[in-house]
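> One structure follows; several queries about it will come next.
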Amino acid sequence: ALKQQIAELQEDLKRKEAKWSTTHRRLKDQIDALVNENMELKEEVKIMERFRLEAWKKVEAVGSKKKVENSGVTLKRTESADTSPDEALVSVPSGPAHTDSEEIQSEIAYPDGRVEKVLKNGCHLIFLPNGTWKKVGSDGKTVTITFFNGDVKQIMPDQTVIYYYADAKTTHTTYPDGLEVLQFSNGQIGKEIIQPNQPP
1 ALKQQIAELQ
11 EDLKRKEAKW
21 STTHRRLKDQ
31 IDALVNENME
41 LKEEVKIMER
51 FRLEAWKKVE
61 AVGSKKKVEN
71 SGVTLKRTES
81 ADTSPDEALV
91 SVPSGPAHTD
101 SEEIQSEIAY
111 PDGRVEKVLK
121 NGCHLIFLPN
131 GTWKKVGSDG
141 KTVTITFFNG
151 DVKQIMPDQT
161 VIYYYADAKT
171 THTTYPDGLE
181 VLQFSNGQIG
191 KEIIQPNQPP
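Heads up: the sequence shown runs through residues 1 to 200, numbered per UniProt numbering.
As structure tokens, then:
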């Protein structure tokens, strides 16, 4: 009777070992599958990041190649019915214009070809020989740079940067918290949420 019990216990132990071995093998296969899936996801993230960077470079390249005959252009922010106020469009009129409140107070011509005009309202206008010109607001914090190729860069007091690509007719807005908004001429808005200041 004792031998039979021992034999039964040994048989039961073998069955349990076989079951444990099967379970262990199945868990190992699941772990291997999860590891492979994780590696594939990481690779996809890398590819998407590369595509995103290439897209930004293409937009910048298209904007930088544009040559504009008119040397002076001004920046105007207009509200779009489809967007909120903080997603304002940037439009580029044909040339600079000053209202009566922007009468010139003084003008300085530098040897390197730069011309600086100080307006009565406190704004400073700096014109470069290549057609690029810069406007510094009376608060000293709002800066608008209009490049010779028609591109316009505006830096707001809160450090929001608005860049208008004239050739692509696309507005790229970068907010202080890292949020980037790409607004196309057809009204479409693409957002890249890059917020290093926020906890994950």
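Glycine is no exception: its CB is placed at the ideal position from the N, C-alpha and C atoms.
1. Give the secondary structure of Q159 by DSSP, where H, G and I count as helix, E and B as strand, and everything else as coil.
2. Output the distance between the C-alpha atoms of Q4 and W20, rounded to the nearest integer angstrom.
3. I need the straight-line Cα distance from H24 to K14, nearest angstrom please.
4. I need the boundaries of the beta strand (DSSP E) containing F127, first residue and last residue.
5. Curious, which full-length beta strand (DSSP E) runs of at least 3 residues does the stretch 131–186 contain?
6. Nearest to L179 by alpha carbon, out of D12, I47, I162, A168?
7. With 16 other CB atoms within 10 Å as the buried threshold, where does K42 fall?
8. Quick one: residues in its chain with C-beta nearer than 8 Å to the C-beta of S185, no 5 flanking neighbours on either side, listed in chain order?
9. Rounding to the nearest angstrom, what Cα-Cα distance links L128 and T142 in this structure?
10. If I follow the unbroken beta strand (DSSP E) through K120, where does it start and stop?
11. Nearest-angstrom Cα distance between K28 and T22?
12. By a C-beta neighbour count over all protein chains shown, 10 Å radius and 16 as the cutoff for buried, is G150 buried or exposed?
13. Check this for me: beta carbons of K120 and E103, under 8 Å apart or not?
14. On the criterion of 16 or more Cβ atoms from any shown chain inside 10 Å, does K117 qualify as buried, or is it exposed?
15. Are there 16 or more other CB atoms within 10 angstroms of the CB of W56, so buried, or fewer, so exposed?
16. Exposed or buried, what is A18 when buried is set at 16 or more other beta-carbons lying within 10 Å of its beta-carbon?
Let me spell this out:
1. The count along the sequence shown starts at 1 and reaches residue 159 at position 159. In the structure shown, the three-state DSSP call for Q159 is coil.
2. Residue 4 sits at position 4 when you count from the first residue of the sequence shown. Residue 20 sits at position 20 when you count from the first residue of the sequence shown. Near 24 Å, if we compare the C-alpha coordinates of W20 and Q4.
3. For the purposes of this step, residue 24 is taken as residue 24 along the sequence shown, with counting starting at 1. For the purposes of this step, residue 14 is taken as residue 14 along the sequence shown, with counting starting at 1. Answer to the nearest angstrom: the Cα atoms are 15 Å apart.
4. Taking the first residue of the sequence shown as 1, we reach residue 127 at position 127. Run containing F127: 124–127, per the beta strand (DSSP E) assignment.
5. Segments of the beta strand (DSSP E) lying fully in the stretch 131–186: 133–136, 143–146, 152–155, 161–165, 170–174, 179–183.
6. Working through the sequence shown from its first residue, we reach residue 179 at position 179. Measuring C-alpha to C-alpha distances from L179 to each of D12, I47, I162, A168 identifies I162 as the nearest.
7. Here residue 42 corresponds to residue number 42 of the sequence shown, with the count starting at 1. With fewer than 16 Cβ atoms within 10 Å of its Cβ, K42 is classed as exposed.
8. Residue 185 sits at position 185 when you count from the first residue of the sequence shown. Contacts found: A168, K169, T170.
9. Stepping through the sequence shown from its first residue, residue 128 is reached at position 128. Stepping through the sequence shown from its first residue, residue 142 is reached at position 142. Approximately 19 Å, taken between the alpha carbons.
10. Working through the sequence shown from its first residue, we reach residue 120 at position 120. No beta strand (DSSP E) contains K120, which DSSP labels as neither H nor E.
11. Within the sequence shown, residue 28 is the residue found at index 28, counting from 1. Within the sequence shown, residue 22 is the residue found at index 22, counting from 1. Near 10 Å, if we compare the C-alpha coordinates of T22 and K28.
12. Sequence index remark: in the sequence shown, residue 150 carries index 150 (1-based). Answer is buried; the Cβ neighbour count reaches 16.
13. Counting from 1 along the sequence shown, the entry for residue 120 is found at position 120. Counting from 1 along the sequence shown, the entry for residue 103 is found at position 103. Yes; because the gap between Cβ atoms is below 8 Å, this pair is in contact.
14. As a first step, residue 117 must be located in the sequence shown, where it is residue number 117. K117 comes out buried.
15. Residue mapping note: residue 56 aligns to position 56 of the sequence shown, counting from 1. Under this definition W56 is an exposed residue.
16. If you number the sequence shown from 1, residue 18 lands on position 18. Exposed, since its Cβ has fewer than 16 Cβ neighbours within 10 Å.
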